[in-house]
Amino acid sequence: MHRSPFDFSRGMVAVMGGLAAVAAAGLAADLLWQGRPLSDLARFDVNEARHLTNLLSRSSNQILAVVFTTVAIAVPLTANMYSVKFLELFVRDPVNRGMLTLVLVNSLGVIWAGTGQKQDFVAALALYGSLLLTIACFTLVIPYLYYVFRFLHPNSLLRRLEAEIAAGLGGTGLRPSRVAALRTQVAEGIEHVADVAIRSVERADRSTAIESVLSLERVARELWRVKAALPPAWFDADPGLFLGFSSKAVDELAASRSWVEMKILSQLRQVMSAAIPRMHDLVSTISRVTRRLGVEKPVRADAALREMVIGYFNTFLRLALNRRDVRALFIVFDQYRTFAEALCAEQPEELDDIADHFVYYGSVAREQQMSFVVELVAHDLGALVEQAWAAGAPNREVLLDHLLRYDAAAPAPLSGVKKAQALAASFFLLRGETDAAQRVARSFAGLPDDLVADIRDDLLGVTREKYWEVNERRMNIDYVPAARREKLREFFTSLAPTRGAAPRRSADTR
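Note that this note's numbering gives residue 1477 to position 241 of the sequence shown, counting from 1, and the numbers run on in steps of one.
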């Protein structure tokens, strides 16, 4: 939808030139046909002047009505749908100000030209000036209306808000008295972007809501691009910008120089609250954006920012649990796990905390009788364990403890959790980590034989990697790669007693 002002100006010039050429050709044809000199066009008598004045007056009034009626209806309506910021941006736009001024000046010019017409005097120059202005207004009105409708597209608002935020971030050389105003400009711009997303959710405008979240991601990247050049006063967090935070929390943001990141993530949280459970595509976008920002170099190098990202992932999980939205949990856990895996090489200690959070939210899901979520968390814990062992993380044994103790508080063994543990055992056997595999085997001690056999048969019966329905992960969480299937058989064989039954074909093979 975006075009530069140069494209718009070039289009207007082309239209005006075309109309002028047509008008000139028509006049030339009439003059040649009638054999009249060109000077006849420059002379008016009183009656001709009055007739032309009336014609110009009606025309200017029509243009004035069209332009101002369109603006008066379309702009407030769009602002009410998305953000009141539309009104401010519209008034500040030079094209809008120029066109509105032009039609007003044209109407005043026609009135002035009319006052100059007397019984014995014709203000010819004033009439010619009004005629030219009226022609210009008629020429510009259609391109201008097109410009207005493009201007009112929500993506246009998002681009302008991004530009305004970038301008606020770029004001590094200004005097200290201006820094506070720039901080407010940036914070309010971020809030307006989030407002567009929230109102888009209310209107079921999926594409605009997603674009708003991507806009916040671009703002974060722009911040990190210029952050090193920002003056120290920039990072003095204003308590008025964080009304829901305590003064101590705001002071911590100032000390860690992270108030803008907190503002962005807090607005993503507001959008997430609006999206659950109404718009899962937006839930996915927010989770992905949070994960992408979390693995960027500025976050990986800053413990405070990593803690912030982890905290907001936990907040997203709490929102989804409170609303019992299984699909949202499925999405957020996937991105949260992917984020944790990306930290494994450089910050393996973070995996311990994240695994602890997984266990906690899994227990909350168990209390709410959301059995699928409980099993999903077990598989994601298993994936974190495998990542830690593959990377040789120093805390890999602790992560395995989280997985093996995950269902300790359950009143009865959960087959989905035991499946995740068995899959981890096959991973260990494939890598020759027999001690770790034996730890998993000990967690199966005392289980009923038929339960162990069912778990074995279900896992070995899954032969398709992709799930038979379309979901965000596109993977069957119980699928065992071919290289690990024999190791999985070996693991179950090592458990005594085993039933030795042939694997049954489960519903997962559909």
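Where is the CB? At the ideal position from N, CA and C, for every residue including glycine. In this text, all values refer to a predicted model and were calculated from it rather than measured experimentally.
Between which two residues does the alpha helix (DSSP H) containing residue i stretch?
| i | result |
| --- | --- |
| Met1606 | That residue, Met1606, is in no alpha helix (DSSP H); it is neither H nor E in DSSP. |
| Glu1497 | Trp1495 to Ala1511 |
| Met1195 | A question about residue 1195 goes unanswered here, because the residues of the chain that appear run from 1237 up to 1746. |
| Asn1391 | Pro1390 to Leu1405 |
| Asp1643 | Segment: none, Asp1643 is in no alpha helix (DSSP H) and carries neither H nor E. |
| Lys1654 | Ser1651 to Arg1667 |
| Phe1728 | Ala1718 to Ser1730 |
| Val1706 | Counting along the chain, Val1706 falls outside any alpha helix (DSSP H), and DSSP gives it neither H nor E. |
| Arg1439 | No alpha helix (DSSP H) contains Arg1439, which DSSP labels as neither H nor E. |
Would you say residue i reaches chain B, if we count a Cβ-Cβ gap shorter than 8 Å as a contact?
| i | result |
| --- | --- |
| Thr1420 | Reference to chain B is not applicable here, since this structure consists of a single protein chain. |
Quick one: grab the DSSP three-state call for residue i.
| i | result |
| --- | --- |
| Tyr1364 | helix |
| Thr1699 | coil |
| Cys1373 | helix |
| Pro1330 | helix |
| Phe1566 | helix |
| Gln1583 | coil |
| Phe1471 | helix |
| Asn1712 | coil |
| Ala1317 | Before going further, note that residue 1317 is Met rather than Ala in the sequence given. Helix at Met1317. |
| Val1525 | helix |
| Asn1283 | helix |
| Asn1297 | helix |
| Val1621 | helix |
| Leu1479 | coil |
| Val1531 | coil |
| Asn1631 | coil |
| Met1515 | coil |
| Gly1425 | helix |
| Leu1466 | coil |
| Leu1683 | coil |
| Asp1561 | coil |
| Leu1255 | helix |
| Ile1433 | According to the sequence as given, residue 1433 is Ala; it is not Ile. Three-state result, Ala1433: helix. |
Within its chain, find whatever has a CB closer than 8 Å to the CB of residue i; leave out the 5 residues flanking it on each side and keep chain order.
| i | result |
| --- | --- |
| Val1653 | Val1610, Glu1611, Ala1614, Tyr1642, Asp1643 and Ala1646 |
| Asp1517 | Arg1442 and Ile1446 |
Between residue i and residue j, how many whole angstroms is the CB-CB distance? I'm expecting something under 8 Å.
| i | j | result |
| --- | --- | --- |
| Leu1369 | Asn1332 | 18 Å between Cβ atoms; not a contact. |
| Leu1617 | Leu1639 | 5 Å |
| Ala1624 | Pro1584 | 7 Å |
| Ala1660 | Glu1622 | 7 Å |
| Arg1559 | Ile1512 | 5 Å |
| Pro1717 | Leu1687 | 24 Å between Cβ atoms; not a contact. |
| Glu1705 | Ile1567 | Their Cβ separation, rounded to whole angstroms, is 15 Å, which puts Glu1705 and Ile1567 out of contact at 8 Å. |
Between which residues of its own chain and residue i is the CB-CB distance below 6 Å, once the five residues before and five after are set aside?
| i | result |
| --- | --- |
| Trp1460 | Pro1534 |
| Phe1575 | Arg1527 and Gly1530 |
| Phe1664 | Ala1672 and Ala1673 |
| Val1634 | Asp1588 |
| His1238 | A caution first: His1238 carries a pLDDT of 49, below 50, which makes its placement in the model unreliable, though a value can still be read off. Excluding sequence neighbours, His1238 sits near nothing in its chain. |
Spatial neighbours of residue i within its chain, please: C-beta separation below 7 Å, excluding the five flanking residues on both sides.
| i | result |
| --- | --- |
| Thr1314 | Phe1322 and Leu1388 |
| Thr1454 | A small fix is needed here, since residue 1454 is Arg in this sequence, not Thr. Around Arg1454: Glu1398. |
Should residue i be counted as a contact of the ligand ATP given a C-beta to heavy atom distance under 7 Å?
| i | result |
| --- | --- |
| Val1331 | Absence of the ligand ATP is noted for the structure shown, with no ligands found whatsoever. |
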